[in-house]
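What follows is one structure encoded as structure tokens, with my remarks underneath.
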Amino acid sequence: EAFRHIEIELFVPRDQLADALDFAQETIEVAGGRQSTLSADNQQRIEGIGMQEDLARLHDQYFHHYPICVRRVLPDDTLISMASGSGQDWYALSFISYAKPARRAGFHLFASFMARSMSRLFHARPHWGKICPLEADELTALYPRFDAFRTICNTLDPQGVFQNDWTTALLEADIP
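Residue numbers 334 to 509, in this note's numbering, belong to the letters of the sequence shown in order.
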């Protein structure tokens, strides 16, 4: 319990950054109870992806107490990096909490909502090594070369020696 840093980091392409930041700010206001709804534009976005009830459940459940860190990441050509495949710069939005482990339910609810909504609305990709609440089908849809990565993993590690439960679920998921 001495180390209390917990974080979700979402990467958005440059052409989505302004809208994603606006959406994030409004969502933080709703999560903290300062607003009960989003602006008309963002409310319409949420309705378009059927997440109105998820937003309502988030209301007044999490107070974000740390600055939002935004950093630029140059595009690359790796198989599944958060900045791969689009040819444009990506921007990482870091949402950090120092809540005690017993008091993280609100943060987990917030992180799940942000990952699910922002991936659908702004093509946001969660950082693999931080809180990453998306399911295999949601993640693979964000990475055009995920199947190539999966093939390499299965070829080089057919027994799954270098896997844990999460990577096994991700790599062995039956994605259409």
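Backbone N, C-alpha and C define an ideal beta-carbon position, used for all residues, glycine too. If you're wondering where the values come from, they're calculated on a predicted model, not measured in any experiment.
Locate the alpha helix (DSSP H) running through V363, then write down its first and last residues.
Here the question's residue 363 lines up with position 30 in the sequence shown. Its alpha helix (DSSP H) spans residues L350 to A364.
Could you please give the first and the last residue of the uninterrupted beta strand (DSSP E) stretch that includes C402?
The residue labelled residue 402 in the question sits at position 69 within the sequence shown. Segment C402 to V406, the beta strand (DSSP E) holding C402.
Out of R404, A373, A469 and S430, which one is the CA nearest neighbour of R449?
On the sequence shown, position 116 is the one that residue 449 refers to. Looking at the Cα atoms, A469 is the closest of the given residues.
Can you tell me the Cα-Cα spacing of H338 and R483, whole angstroms?
The count along the sequence shown starts at 1 and reaches residue 338 at position 5. The count along the sequence shown starts at 1 and reaches residue 483 at position 150. Each residue's alpha carbon lies about 30 Å from the other.
So, are the CB atoms of A425 and E342 less than 8 Å apart?
Within the sequence shown, numbered from 1, the residue matching residue 425 stands at position 92. Within the sequence shown, numbered from 1, the residue matching residue 342 stands at position 9. The answer is yes: Cβ separation under 8 Å.
With H, G and I counted as helix, E and B as strand and the rest as coil, what does DSSP make of F495?
Looking up residue 495 in the sequence shown gives position 162. Coil at F495, not helix or strand.
Counting only the same chain and skipping the five closest in sequence on each side, list residues whose C-beta sits under 6 Å from that of F455.
Translated into positions along the sequence shown, residue 455 becomes position 122. If we look at F455 and ignore the five residues flanking it on each side, its Cβ neighbours are V345, Q349 and A353.
Would C465 and S427 qualify as a contact pair, given that the criterion is a beta-carbon distance under 8 Å?
Here residue 465 is taken as the residue at index 132 of the sequence shown, counted from 1. Here residue 427 is taken as the residue at index 94 of the sequence shown, counted from 1. Their beta carbons are not under 8 Å apart, which means C465 does not touch S427 by this criterion.
Please classify H397: is it buried, with 16 or more other beta-carbons within 10 angstroms of its beta-carbon, or exposed?
Against the sequence shown, residue 397 aligns to sequence position 64. So H397 counts as buried.
Would you call the CB atoms of W423 and R347 closer than 8 Å?
The residue you call residue 423 lines up with position 90 of the sequence shown. The residue you call residue 347 lines up with position 14 of the sequence shown. Result yes, Cβ atoms of W423 and R347 sit closer than 8 Å.
Whole angstroms is fine: what's the gap from D498's alpha carbon to M415's?
For the purposes of this step, residue 498 is taken as residue 165 along the sequence shown, with counting starting at 1. For the purposes of this step, residue 415 is taken as residue 82 along the sequence shown, with counting starting at 1. So the alpha carbons of these two residues sit roughly 21 Å apart.
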